Structures are given as C-alpha cells and as structure tokens.
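**Student:** Please see the structure below; I have some questions.
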Amino acid sequence: MLYERLLAAYGPQQWWPAKTPLEVVVGAYLTQNTAWTSVERSLQNLESSGILTVDGLRKITEEDLRTLIRPSGYMIRKAAAIKALIAFLDCAYGGSLQQLAEESPGTARERLLALPGVGPETADAILLYALGQPAMVVDEYLRRVVTRHGLMPPESKYSQIQALAESAFNADLPATRAQHYNEFHAVIVQVGKSHCGRVAQCESCPLAFDLPVTPPRSQSAA
DNA sequence: CGCCAGGCCGTGT
DNA sequence: ACACGGCATGGC
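Set out below in structure tokens:
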C-alpha cells in the first residue's frame, strides 16, 4: 500500500520541530494556513522574549503577544486563541499540559475542540505531538494524496479521511500507534512540501505522490 | 504583482 | 448540514 511504501522510503522522522510540548502546541496554532518558515519566525520571537512557557504566555498582554506572532499572520485571532488556551489550562488543569494529557484521548479532544481557534487538525496535532496520544492528523497534503489517488471522493470530510488513514494501522499494537501516526504524518508533510516544490503545482501532475523519491525497501511494520 | 501557506469561524443558504 | 468568504503576513 502507498502508506507502507512512503513510510519505508522516507523512514522515521521523529517529527515536529519543537523542544517542548508547549512549543508544539503554539506551533500548531500558528501554522494554521501559514507557511512554516513564517511560524519559525514567530516562535523565535517568543523564545527570545522568554514567552515560550505557560507562565510567559500567561503574563504577556494579548497586545504584545500579537506583535510577537505577527510574522505568522492572523495575529488577532491567534493571540486570542492562545490566550484562551492558557486560561483553559489554568482553569481546568493547573496550567499543566501534562495534566491535560492524563485525560482519555476522547475527552482531551473534545475539550480542545471546544476552544476558540482549535479545529480537528489542530486538536489532533496537539494530541499526537504534544500529548503523545494516538490521533491521526489529516492535513491538506494528506487530503490531496488520498483524493488524487481515488482512495476517497474529493468531497470527503475530515473524519472520513482520518478513518481511512487510521485503518492502515489497524494491525498495530495500541501502544505503538501514536509512534506510527507520528511518523506517517511527518512523511506526508515531507512529501507534500518537497514534491514539485509547491503543493499547488502538483495539481497538474498526474504522478504526484505516486512514487517515493527514495527507493522503497522491505515492508515496514506499519 | 498575484498566488499561496501543515485552518478555523461566522454567516447565509 | 454545507458552501463560502474573511482573516494577516511573508515568500516566491
């Protein structure tokens, strides 16, 4: 299957470029419809100002937060959303992402989705990459891979594509699923970014994503 | 200069 | 329920 080939070809990425779970979460907010290079700038601003902590984000004014995240766009919405998250953590989890991670995956997802600025992809990215829970992340890249190969109709919804992607890992032990979801999404993003340089240009490329750039080896455990 | 980026939300049908 | 436009900024 395509999934196994991609995983075998690109290998483990041990992905999401961040040092701390909180940095993952902030990056997940900032990267919404935004180029990652722009997100890096905002994260750098936050780090330089010592704001990349729960306490830092708690104490900074929303206005100042907007200025720091300006490079990644939507600064008014995103600053408000990040502030709302911190307030939520303070209110329900003692300001600790770790305590949120102790909730069952379903409960944590439901709580995250109730927050402003958190939709299904952001929620699943937080669950998977910050909280270590097995949530399949469906982004624009995966949607295009799936629909372009005719695996699902173009009008498929998030949950449909997510179910299909998860089904590729049904044979996994539950304890290993988070790790495989992690690598799978990482690979999808790598392919999406590297193939044809820009994703949009792949629309006219029938072979887009058909073949791994690196020759596939033997089937992986996934 | 115009299009795009690892979405989400409010509004109108 | 679902399509559709707006949101902000920087890169190419």
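The first sequence runs 46 to 267 under this note's numbering. Every residue, glycine too, gets a C-beta built ideally from N, C-alpha and C. As the structure is a prediction and not an experimental result, all values here were calculated from the model.
Whose CA, out of 160, 166, 151 and 172, lies closest to the CA of residue 136?
**Tutor:** On the first sequence, position 91 is the one that residue 136 refers to. Among 160, 166, 151 and 172, the Cα nearest to that of residue 136 belongs to 160.
**Student:** To the nearest angstrom, how far is the alpha carbon of residue 80 from that of residue 117?
**Tutor:** In the first sequence, residue 80 corresponds to position 35, counting from 1. In the first sequence, residue 117 corresponds to position 72, counting from 1. So the two alpha carbons sit approximately 8 Å from each other.
**Student:** What number of angstroms, rounded off, separates the C-alpha of residue 245 from the C-alpha of residue 153?
**Tutor:** Residue 245 sits at position 200 when you count from the first residue of the first sequence. Residue 153 sits at position 108 when you count from the first residue of the first sequence. Its pLDDT being 46, under 50, residue 245 is placed unreliably by the model, and nothing is read from it.
**Student:** Which whole-angstrom value is the C-beta distance of residue 175 and residue 70, which I expect to be below 8 Å?
**Tutor:** Working through the first sequence from its first residue, we reach residue 175 at position 130. Working through the first sequence from its first residue, we reach residue 70 at position 25. Between residue 70 and residue 175 the Cβ distance is about 5 Å, and since that is below 8 Å, they are a contact.
**Student:** Write down every uninterrupted run of the alpha helix (DSSP H) in the stretch 67 to 100 whose length is 4 residues or greater and which is fully enclosed by it, in chain order.
**Tutor:** Entirely contained in the stretch 67 to 100, the alpha helix (DSSP H) runs reaching 4 residues are, in chain order, 81 to 93.
**Student:** Quick check on DSSP: helix, strand or coil for residue 59?
**Tutor:** For the purposes of this step, residue 59 is identified with residue 14 of the first sequence, where counting begins at 1. If DSSP states are grouped into helix, strand and coil, residue 59 belongs with coil.
**Student:** Counting beta carbon pairs with one atom in the stretch 205 to 215 and one in the stretch 183 to 196, are three or more of them shorter than 8 Å?
**Tutor:** Contact holds: three or more Cβ-Cβ distances are below 8 Å.
**Student:** Taking residue 120 as part of the alpha helix (DSSP H), name the residues at either end of that continuous run.
**Tutor:** One-based indexing of the first sequence puts residue 120 at position 75. Note, residue 120: alpha helix (DSSP H), 120 to 138.
**Student:** Throw me the rounded Cβ distance for the residue 171 and residue 63 pair, which I believe falls under 8 Å.
**Tutor:** Here residue 171 refers to the residue found at position 126 of the first sequence. Here residue 63 refers to the residue found at position 18 of the first sequence. That pair is no contact at about 12 Å.
**Student:** Using the three-state DSSP reduction, which class does residue 215 fall into: helix, strand or coil?
**Tutor:** Here residue 215 refers to the residue found at position 170 of the first sequence. Residue 215: coil per DSSP, three-state reduction.
**Student:** In whole angstroms, give me the CA-to-CA distance for residue 105 and residue 134.
**Tutor:** Within the first sequence, the letter at position 60 stands for residue 105. Within the first sequence, the letter at position 89 stands for residue 134. If you take the alpha carbons of residue 105 and residue 134, they lie about 16 Å apart.
**Student:** Please classify residue 61 as buried or exposed, where buried requires at least 16 neighbouring CB atoms within 10 angstroms.
**Tutor:** For this step, residue 61 is matched to residue 16 along the first sequence. Under this definition residue 61 is a buried residue.
**Student:** Quick one: what's got a C-beta closer than 6 Å to residue 258's C-beta in the same chain, skipping five residues either side?
**Tutor:** Translated into the one-based positions of the first sequence, residue 258 becomes position 213. The predicted model places residue 258 with a pLDDT of 33, which falls under 50 and marks its position as unreliable; any figure quoted below should be read in that light. Correct list: empty, nothing qualifies.
**Student:** By a C-beta neighbour count over all protein chains shown, 10 Å radius and 16 as the cutoff for buried, is residue 48 buried or exposed?
**Tutor:** Mapped onto the first sequence, residue 48 falls at position 3. Buried, because 16 or more other Cβ atoms sit within 10 Å of the Cβ of residue 48.
**Student:** Quick one, which of 218, 201 and 183 has its alpha-carbon nearest residue 231's?
**Tutor:** Here the question's residue 231 lines up with position 186 in the first sequence. Nearest option by C-alpha distance: 183.
**Student:** Assuming contact is defined by CB atoms lying nearer than 7 Å, are residue 20 and residue 84 in contact in what I supplied?
**Tutor:** Past the edges of the chain, shown from 46 to 267, lies residue 20, and the structure says nothing about it.
**Student:** If you reduce the DSSP assignment to three classes, tell me which class residue 151 lands in.
**Tutor:** Numbered from 1 along the first sequence, position 106 holds the residue referred to as residue 151. Residue 151: helix per DSSP, three-state reduction.
**Student:** Quick one: grab the DSSP three-state call for residue 49.
**Tutor:** Position 4 of the first sequence holds residue 49. Looking at residue 49 - three-state DSSP - the assignment turns out to be helix.
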